[in-house]
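Residue numbers (full-length UniProt numbering): 1 to 376. Glycine included, C-beta positions come from ideal geometry on N, C-alpha and C.
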Amino acid sequence: MDRKQVSLMRATPPHLPAFSEALQKTWAAFAESDETLAGQFRQHRYHGNEEDRAAGVEWIGNRIRPTPGLDRVMVTNGTMNSILLLTSSLVGPGKVLLTEELTFPQVYTLAKIAAVEVQGVRIDQQGLLPDDFERKCKQHAPKAVYVNCTVHSPTAHVMPTERRRAITEIARKYGVQIIEDEAQALYLDNLPDSFATMAPDVTWFLMGLSKYLSLGIRMAFVVAPSERALVNILERLRPISTWHPAPLMASVITSWIRTGVAQTLLELARIELRKRQAIVSEVLSDIDGFQGSPGIHFWLPAPAGVDSEQFSRAIGEAGILVRPSKLYAGDREPRFHGIRPGVGDPVDLAETRYAVEVIRGIYKQLRDRMMIHCSD
Numbered sequence: 001m002d003r004k005q006v007s008l009m010r011a012t013p014p015h016l017p018a019f020s021e022a023l024q025k026t027w028a029a030f031a032e033s034d035e036t037l038a039g040q041f042r043q044h045r046y047h048g049n050e051e052d053r054a055a056g057v058e059w060i061g062n063r064i065r066p067t068p069g070l071d072r073v074m075v076t077n078g079t080m081n082s083i084l085l086l087t088s089s090l091v092g093p094g095k096v097l098l099t100e101e102l103t104f105p106q107v108y109t110l111a112k113i114a115a116v117e118v119q120g121v122r123i124d125q126q127g128l129l130p131d132d133f134e135r136k137c138k139q140h141a142p143k144a145v146y147v148n149c150t151v152h153s154p155t156a157h158v159m160p161t162e163r164r165r166a167i168t169e170i171a172r173k174y175g176v177q178i179i180e181d182e183a184q185a186l187y188l189d190n191l192p193d194s195f196a197t198m199a200p201d202v203t204w205f206l207m208g209l210s211k212y213l214s215l216g217i218r219m220a221f222v223v224a225p226s227e228r229a230l231v232n233i234l235e236r237l238r239p240i241s242t243w244h245p246a247p248l249m250a251s252v253i254t255s256w257i258r259t260g261v262a263q264t265l266l267e268l269a270r271i272e273l274r275k276r277q278a279i280v281s282e283v284l285s286d287i288d289g290f291q292g293s294p295g296i297h298f299w300l301p302a303p304a305g306v307d308s309e310q311f312s313r314a315i316g317e318a319g320i321l322v323r324p325s326k327l328y329a330g331d332r333e334p335r336f337h338g339i340r341p342g343v344g345d346p347v348d349l350a351e352t353r354y355a356v357e358v359i360r361g362i363y364k365q366l367r368d369r370m371m372i373h374c375s376d
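Right, here's the structure in full:
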């Protein structure tokens, strides 16, 4: 009998019927508007018009305090494009970008495009290790550090306040800009302050929409340390239109934020994800090193003696597709072996439970096999 296949590969929000309903209502509203849809395509949005940027500030909410002025905000066509822009502008060819030792696979690709060298900083369950961060600053003279430390991908950790303060002090000491990517922060309550709040003078803050609303929404908000810092980048990049937000996309998302539709969709996603993650924790939380979250993925270490690719391959052979930590280590061998399953793609709670129970079964099989092997 064929095994049921469920993909937990993607870090995506769950599909919500309300999202389709919102789109249908938006198209109808555009059709009834005095402004024709064709008018949306006649001009570039550059770094977002004033309404777009105001919507960005509203969406980011209290993740940056005090509220940034619109002159520090730009809108782009997605987080990864934003990372490419900042990497090429803040770091530059032949220079060094620091990241967590496990980070988004796309960051390595973007760095290669920008001819930037990536060096990984060691992490623990609280994120970047200050001692290793300072060591890398002395050794490589990096221009910037990219951090995804609020529901880190893949380990799902959240960097606490004291660790953020330590990293901030070191970054200022060595003149390192912080590129902060809060891809999932809005799913959590009672968060530590962002780097952009603690150290606005050295932080470039990123928040995309694809991890909150739908994977195909290519739009992100960037908050610069200052108006001057943003102008310096805009003057360099303005003639190139590939990073501009698509006008129709920007109109839809700005309208949704302004009217509260986006916030409603986010809250519905939060509710659904909490149900799914509750199932995940119920099934897996007794496994040493398991890290759940209210967000769109979780972390499960491989059994001792099993590497991440062996673990993910065995789970895949059982019909559940997951990403191994090897993908997040670039050209290096990861120190942490595990998997990063996403919980947004299963069609419902029952399929979520089925998938994580299969994962638990494979984990136990591999663990028991290794224990027998070690006892021989």
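Any idea if Phe133 is buried or exposed, counting beta-carbon neighbours within 10 angstroms, 16 or more meaning buried?
buried
Any chance the segment 49-58 sits against the segment 98-105, with 3 or more Cβ pairs inside 8 Å?
No, they do not touch.
Since Lys211 and Ala11 are thought to touch, with beta carbons under 8 Å apart, how far apart are those beta carbons, to the nearest angstrom?
7 Å
Going by CA-CA distance only, name the one from Leu206, Thr79, Ile320, Gln40 that's closest to Ile339.
Ile320
Please give the ranges of any alpha helix (DSSP H) in the segment 211-272, keeping only runs that are unbroken, at least 4 residues long and fully inside the region.
You should have 227-237, 247-259.
Beta-carbon contacts of Asn77 that lie in its chain and below 7 Å, excluding the five residues immediately before and after
Here the set comprises Arg218, Met219, Trp243, His244, Pro245, Ala246.
Check for me: the alpha helix (DSSP H) holding Asp52 runs from which residue to which?
50-60
Helix, strand or coil at Thr87 [DSSP, three-state]:
helix
Counting along the chain, where does the alpha helix (DSSP H) carrying Met74 start and finish?
That residue, Met74, is in no alpha helix (DSSP H); its beta strand (DSSP E) goes 73-76.
Unbroken alpha helix (DSSP H) run spanning Ile113, endpoints:
105-113
Looking at C-alpha atoms only, which residue of Gly342, Asp124, Val306 is the closest neighbour of Arg323?
Gly342
Work out the CA separation of His297 and Pro13 for me, nearest whole Å.
If I take the Cα positions, the gap works out to 9 Å.
Starting from Met207 and walking both ways along the beta strand (DSSP E), at which residues does that stretch end?
203-208
Counting only the same chain and skipping the five closest in sequence on each side, list residues whose C-beta sits under 7 Å from that of Met1.
Interpretation of Met1 is limited by its pLDDT of 43, a score under 50 that renders its predicted location unreliable; no figure is taken from the coordinates.
Kindly indicate which three-state DSSP category Ser293 falls into: helix, strand or coil?
coil
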